[in-house]
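Residue numbering for the sequence shown follows this note's numbering, starting at 3 and increasing by one per position. Cβ coordinates follow ideal geometry from the N, Cα and C atoms, glycine included.
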Amino acid sequence: MVGIILASHGDFATGIYSSACMVFGEADDVTPVTFHNGETPDDLREKIQKAVAELEDPENVLFMC
């Protein structure tokens, strides 16, 4: 199964994920990753690496930004 990472500035990814869950139900292997003011590129890299590591198949990932 392909995992999906929703990435965005601010809380947009979380909002899209929440809306999709309301319409389609909870989805396995879909994870929002947010990037806020004051965070560094290293912070974002860590968040993405953690999200990918938690996927069922970390070799097959679709990033939606």
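Item	Value
Report all residues from its chain with a CB closer than 7 Å to the CB of D13; omit the five preceding and five following residues, and keep chain order.	T36
Considering only the beta carbon of each residue, do P34 and A15 sit closer than 7 Å?	yes
Looking only at its own chain, which residues have a Cβ that is under 6 Å from the Cβ of N62, when we skip the five neighbours before and after it?	V4
Just to confirm my understanding: we take H11, look at its own chain, exclude 5 residues before and 5 after, and list those with CB closer than 7 Å. What are they?	F37
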